[in-house]
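Numbering (UniProt numbering), first residue to last: 1 to 75.
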């Protein structure tokens, strides 16, 4: 499998996305009090969106997911 060499901006975007993914998973796995849906803190979502835009990956999902797959392969 080829190894992706990410730029600092791409690595930041991938890391922000992974933090967002882990936050969403934790929220969905946690208790859902009073029938409320899981809520992701706005700061976590904003961090991911800003990092993607800064890396030039906003609106370029295919390229971003290729970088993510190469850098963080499925277990």
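Every residue, glycine too, gets a C-beta built ideally from N, C-alpha and C.
Tell me the rounded alpha-carbon separation between residue i and residue j.
i	j	result
residue 21	residue 57	17 Å
residue 49	residue 59	10 Å
residue 70	residue 61	14 Å
residue 42	residue 29	19 Å
Could you pull out every residue in the same chain whose Cβ sits closer than 6 Å to the Cβ of residue i, ignoring the five residues on either side in sequence?
i	result
residue 64	57
residue 47	16
Note down, in chain order, each residue of its chain lying with its Cβ closer than 7 Å to the Cβ of residue i, except the 5 sequence neighbours on either side.
i	result
residue 68	14 and 17
residue 9	54 and 55
Going by the CB atoms, is the gap between residue j and residue i shorter than 7 Å?
i	j	result
residue 23	residue 44	yes
residue 7	residue 51	no
Starting from residue i, trace the alpha helix (DSSP H) both ways and give me its first and last residue.
i	result
residue 44	42-54
residue 62	61-71
Using a Cβ-Cβ cut-off of 8 Å (strictly less than) and excluding sequence neighbours within five positions of residue i, which residues of its own chain qualify?
i	result
residue 40	20, 23, 24 and 27
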